[in-house]
Amino acid sequence: MATHTLPPLPYDYNALEPWIDEQTMRLHHDKHHQTYCDNFVKAVTGTPFEAQDVNATLAQLDKVPENIRGAVRNHGGGFANHILFWEIMGPKAGGTPTGPLAEAISKAFGSFDAFREKFVAAAMGQFGSGWAWLVVKADGELAVYNLPNQDSPVSKGDTPILTLDVWEHAYYLKYQNRRAEYVGNFWNVVNWNKVAELYGKAKK
Ligand SMILES: [Fe+2]
9 MATHTLPPLP YDYNALEPWI DEQTMRLHHD KHHQTYCDNF VKAVTGTPFE AQDVNATLAQ
69 LDKVPENIRG AVRNHGGGFA NHILFWEIMG PKAGGTPTGP LAEAISKAFG SFDAFREKFV
129 AAAMGQFGSG WAWLVVKADG ELAVYNLPNQ DSPVSKGDTP ILTLDVWEHA YYLKYQNRRA
189 EYVGNFWNVV NWNKVAELYG KAKK
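9 is the number of the first residue of the sequence shown in our numbering; add one for each residue after it.
Below, the structure is given as structure tokens:
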């Protein structure tokens with residue numbers, strides 16, 4: 009029984025054009041994300057983690073048997089991280105956050121621009137494959153950092169609310185080696201309403 013299935017993209021494949029192209033979205037969701045999902049399912053089938061939410065499993069990696077821990081960390085991480093990534097982007101998005109999230113960002117980083125600089129630095133500073141993250145820490149404070157590969161903030165006890173995939177598969181077709189241009193254009197597709205919703209949930 010496949011408990012974990014790949015959710016469809018929450019918008020059309022071409023919805024993030026011109027910032028993220030349709031061909032990249034098709035490959036990224038249908039091939040890369042699907043493969044993480046399939047390999048995660050393979051790893052947890054027949055274990056107590058088969059029916060458990062993937063983020064709950066990532067939050068207790070130390071309890072996952074050693075023989076599948078690597079697969080769960082990499083493929084479970086890839087499965088969960090991409091679900092969040094699709095959700096925090098959208099068409100007709102971008103701009104700046106409002107409400108409690110905007111206040112929290114200003115409080116934590118000084119200003120929205122200062123936050124953005126820090127997030128961009130995390131995305132650019134990730135050597136090789138990985139992700140940039142905005143998280144809510146256990147004490148409710150916001151933090152920005154990067155993590156390699158498919159490692160999830162959830163495994164550190166943090167709740168991710170915004171993320172950017174800086175694996176080359178996320179941008180190479182359109183941007184080739186120009187990661188900075190991809191990272192710069194990301195701000196045009198950030199769905200701040202979703203990020204604010206995740207922030208609200210994480211603070212509860
Ligand atoms: Fe990816």
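Backbone N, C-alpha and C define an ideal beta-carbon position, used for all residues, glycine too.
In this structure, DSSP gives Thr11 a state outside helix and strand, which the three-state scheme calls coil.
Ranked by how close their Cα comes to the Cα of His41, the residues Lys209, Asp121, Gly102, His12 have His12 in first place. For Pro108, the three-state secondary structure derived from DSSP is helix.
In the three-state reduction of the DSSP assignment, Asn22 falls in the coil class, being assigned neither a helical nor a strand state. For Asn196, the secondary structure class from DSSP, reduced to helix, strand or coil, is coil.
Residue burial annotation: His177 is exposed, with fewer than 16 other C-beta atoms found within 10 angstroms of its C-beta. C-alpha of Val49 to C-alpha of Pro56: approximately 12 Å in a straight line.
Within the same chain, Pro105, Phe120, Phe123, Leu150 come within 7 Å of Ile113 by CB-CB distance, once the 5 residues on both sides are set aside. Going by beta carbons, Pro168 and Val162 fall inside the 8 Å limit. Per the coordinates, the alpha-carbon of Gly85 lies some 25 Å from the alpha-carbon of Trp27. At least one heavy atom of ligand 1 falls within 7 Å of the beta-carbon of Ala178.
Under the DSSP definition of a beta bridge, Ala188 lacks any partner. Between Met97 and Asn201, the C-beta gap is not smaller than 8 Å, which leaves the two residues out of contact.
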